[in-house]
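Engineer:
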Amino acid sequence: MLEDMNPVEIAALLPPRPADGHKGTFGHLFVLAGSRGFTGAARFVCEAAYRSGVGLVTLGVPRPLADIFAVSLRETMTLPLPATDAESFAHAGLAHALAFARGKSAVALGPGLSLYPETAQFARDMASECPAPMVVDADGLNALSIEGTFEGFGGDSPAGPRVFTPHPGEMARLTGKSAADINQARAEIAVAAAAEWNVVMVLKGHGTLVAAPDGRAVRCPSGNSGLATGGSGDVLTGIIASLLAQGAEAFDAARLGVYAHGLAGDIAARRMTSRAMVAGDIIDALPEAWRELEG
Numbered sequence: 018m019l020e021d022m023n024p025v026e027i028a029a030l031l032p033p034r035p036a037d038g039h040k041g042t043f044g045h046l047f048v049l050a051g052s053r054g055f056t057g058a059a060r061f062v063c064e065a066a067y068r069s070g071v072g073l074v075t076l077g078v079p080r081p082l083a084d085i086f087a088v089s090l091r092e093t094m095t096l097p098l099p100a101t102d103a104e105s106f107a108h109a110g111l112a113h114a115l116a117f118a119r120g121k122s123a124v125a126l127g128p129g130l131s132l133y134p135e136t137a138q139f140a141r142d143m144a145s146e147c148p149a150p151m152v153v154d155a156d157g158l159n160a161l162s163i164e165g166t167f168e169g170f171g172g173d174s175p176a177g178p179r180v181f182t183p184h185p186g187e188m189a190r191l192t193g194k195s196a197a198d199i200n201q202a203r204a205e206i207a208v209a210a211a212a213e214w215n216v217v218m219v220l221k222g223h224g225t226l227v228a229a230p231d232g233r234a235v236r237c238p239s240g241n242s243g244l245a246t247g248g249s250g251d252v253l254t255g256i257i258a259s260l261l262a263q264g265a266e267a268f269d270a271a272r273l274g275v276y277a278h279g280l281a282g283d284i285a286a287r288r289m290t291s292r293a294m295v296a297g298d299i300i301d302a303l304p305e306a307w308r309e310l311e312g
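In my numbering, the protein residues as written are 18 to 312.
(1) For glutamate 64, does the count of other Cβ atoms within 10 angstroms reach 16, so buried, or fall short, so exposed?
(2) Near glycine 70, which residues of its chain fall below 8 Å by C-beta distance, leaving aside the five closest residues on each side in sequence?
(3) Taking proline 81 as part of the beta strand (DSSP E), name the residues at either end of that continuous run.
(4) Cβ atoms of glycine 77 and valine 48: under 8 Å apart, would you say?
(5) So, under 8 Å CB-CB, proline 128 and aspartate 251 are touching, yes? Tell me the CB distance rounded to an integer number of Å.
(6) For my contact list, arginine 236 and glycine 222 are in at a C-beta cut-off of 8 Å; report their separation, rounded to the angstrom.
(7) Within 10 Å of its beta-carbon, does aspartate 281 have 16 or more other beta-carbons around it, so buried, or fewer, so exposed?
(8) What residues match up with proline 97 in a beta bridge as DSSP calls it?
(9) Just list the alpha helix (DSSP H) runs in the region 180 to 239, keeping only unbroken ones of 4 residues or longer that don't cross its boundaries, in chain order.
(10) Check whether the region 150 to 167 touches the region 280 to 295, taking contact to mean three or more Cβ pairs, one atom from each stretch, closer than 8 Å.
(11) For the structure I just gave you, are there three or more beta carbon pairs, one from the region 93 to 107 and one from the region 134 to 148, closer than 8 Å?
(12) Excluding the 5 residues flanking aspartate 154 on each side, which residues of the same chain have their C-beta closer than 7 Å to its C-beta?
(13) First and last residue of the beta strand (DSSP E) that includes phenylalanine 47?
(14) Tell me whether glutamate 20 sits in a helix, a strand or coil according to DSSP, three-state version.
(15) Alpha carbon to alpha carbon, how far is isoleucine 85 from phenylalanine 117?
(16) According to DSSP, is alanine 59 part of a helix, a strand, or is it coil?
(17) For methionine 294, which of helix, strand or coil comes out of DSSP?
(18) If I measure Cβ to Cβ from asparagine 240 and keep anything under 6 Å in the same chain, skipping five residues before and after, which residues do I get?
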């Protein structure tokens, strides 16, 4: 039987914060997100990551958008990469992105990338060739299913630990099922996909599910309808990727991140009401959510 996450067990998953730690102690996250018209997605990932304890964040950006991000992000460093005519990531930047990811603690891929064909190929190759732990979300997931249902990375793929964070529509595209099929058998489908693809699966929605490749699965009891707002998933990607970068195992990072995201959403709803919440309110509530878990 699927069990709800236990807050005490979840709190025990918090990465350590040694008093003599420095930026390097808490990891360096490389984010690949954003395109023309979707710069907010990248900003949410980076801000949520910092509010979740990572030491450093570098955002890879399509070169024409670099100045926008340089102005809007204070703590985050930027890495301009070749761009398509649509001002999204060009495949020509893949080798540079892979080289930069080498030695980084974790990678976040997908929010706001667009489905421009060349960018989708960039995302597919980044997801399959990068050995660093990675959260794949949004258009990163859509890119994996754009040529048909996803079949895994293959036995010779260097892909490191992967956390997939689909909503039911993205999961439907990955599996070739309908969103209605996904919602009728959420737990069974999430567990089966995690095992088949050797990824940690975070199937978002009411009672978000987290499934590991070895069959472990839990349901999140935190959260509310206010989380159903644009950018909320980008915030979740930043939280989970931050925890990966701090050294948490993929399944631990996913369930801790999902729970903290829901808890921050509950705190934000008490402040703002679930009707009025926006994604930035979730980020603003993260410090209180971490304080509650640490206490």
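All C-beta atoms, glycine included, are put in the ideal place defined by N, C-alpha and C.
Structural biologist: The relevant details are as follows:
(1) Buried, since its Cβ has 16 or more Cβ neighbours within 10 Å.
(2) For glycine 70, where only same-chain residues beyond five positions count, the Cβ hits under 8 Å are Pro32, Arg34, Phe43, Ser259, Leu260, Gln263, Trp307.
(3) From DSSP, proline 81 is part of no beta strand (DSSP E); its letter is neither H nor E.
(4) In terms of Cβ geometry, valine 48 and glycine 77 form a close pair [threshold 8 Å].
(5) 4 Å between Cβ atoms; contact.
(6) Arginine 236 to glycine 222, Cβ: 10 Å. No contact.
(7) Reading the sequence as shown, one finds alanine at residue 281 and not aspartate. So alanine 281 counts as buried.
(8) Paired residue(s): Val78.
(9) Every unbroken stretch of the alpha helix (DSSP H) spanning 4 or more residues and falling wholly within the region 180 to 239 is given here in chain order: 185 to 192, 196 to 201, 203 to 214.
(10) Between the region 150 to 167 and the region 280 to 295 there are fewer than three C-beta pairs closer than 8 Å, too few to call the two in contact.
(11) With a cut-off of 8 Å, the region 134 to 148 and the region 93 to 107 count as touching, because enough Cβ pairs lie within range.
(12) Apart from the 5 residues on each side of it in sequence, aspartate 154 sits with its Cβ closer than 7 Å to the Cβ of Gly127, Pro128, Thr182, Gly250, Thr254 in its chain, given in chain order.
(13) DSSP places phenylalanine 47 inside the beta strand (DSSP E), whose first and last residues are 45 to 49.
(14) The three-state secondary structure of glutamate 20, taken from DSSP, is strand.
(15) As the crow flies, the alpha-carbon of isoleucine 85 is around 21 Å from that of phenylalanine 117.
(16) Of the three classes helix, strand and coil, the one that applies to alanine 59 here is helix, per DSSP.
(17) Methionine 294: coil per DSSP, three-state reduction.
(18) Before going on, a small fix: residue 240 reads as glycine here, not asparagine. Here the set comprises Gly279, Gly282.
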